[in-house]
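Engineer: Just passing along the structure, written as structure tokens.
Residue numbers (mature numbering (1 follows the signal peptide of the UniProt record, and there is no 0)): -22 to -1, 1 to 110.
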């Protein structure tokens, strides 16, 4: 069982980094410079991630409202899917943030939450008005 834990950790970290490149494009310009300035200090990195997550969550909410307006016939389904997605994101990121039992868990969880939020905002943007 001990050999499985490092494998799971490596797999989870790889999956986080694979999606990060796509999500990076949606991140604010200040996020990268904030992370660079953090110099790898966990508390500072968490502050950067929290600030960017707040921005991405606001973007997600704007895109959700735009999608709801653009997809009036599908509003009940979109609402249900969004509620399920929130539960999925929260559960998945809680899992990712519990794999090592170490201090990296908080970074993994916060990064997961940020990445998934930005990706979902991108998905919702494709459902919104196409004239933007």
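Think of the CB as a built atom: it goes at the ideal place given N, C-alpha and C, for glycine as much as any other residue. Fair warning: this is a prediction, and the values are worked out from it, not measured in the lab.
Quick one: what's got a C-beta closer than 7 Å to residue 99's C-beta in the same chain, skipping five residues either side?
Structural biologist: Non-local beta-carbon contacts of residue 99 in its own chain, meaning distances under 7 Å to residues more than five positions away in sequence, involve 4, 34, 37, 38 and 41 in chain order.
Engineer: Is the number of C-beta pairs between the segment 64 to 76 and the segment 86 to 103 that are closer than 8 Å three or more?
Structural biologist: yes
Engineer: Reducing DSSP to helix, strand and coil, say where residue 107 ends up.
Structural biologist: Annotated three-state conformation of residue 107 is coil, per DSSP.
Engineer: Rounded to the nearest angstrom, what separates residue 81 and residue 52 at their Cα positions?
Structural biologist: 42 Å
Engineer: Could you check what DSSP says for residue 4 in three-state terms: helix, strand or coil?
Structural biologist: Coil at residue 4, not helix or strand.
Engineer: From what residue to what residue does the alpha helix (DSSP H) around residue 28 run?
Structural biologist: 20 to 48
Engineer: Could you work out which residue in 49, 85 and 58 is closest to residue 107 when comparing CA atoms only?
Structural biologist: Nearest in C-alpha terms to residue 107, of all of 49, 85 and 58, is 49.
Engineer: Counting only the same chain and skipping the five closest in sequence on each side, list residues whose C-beta sits under 8 Å from that of residue 28.
Structural biologist: Residues of the same chain with a CB within less than 8 Å of the CB of residue 28, apart from the 5 flanking positions on each side, are 88 in chain order.
Engineer: Buried or exposed, going by whether 16 or more other CB atoms sit within 10 Å of the CB of residue 101?
Structural biologist: Under this definition residue 101 is an exposed residue.
Engineer: With 16 as the cutoff for other CB atoms within 10 Å, does residue 75 come out buried or exposed?
Structural biologist: buried
Engineer: What residue does the alpha helix (DSSP H) around residue 56 start on, and which one ends it?
Structural biologist: Unbroken alpha helix (DSSP H) run through residue 56: 53 to 74.
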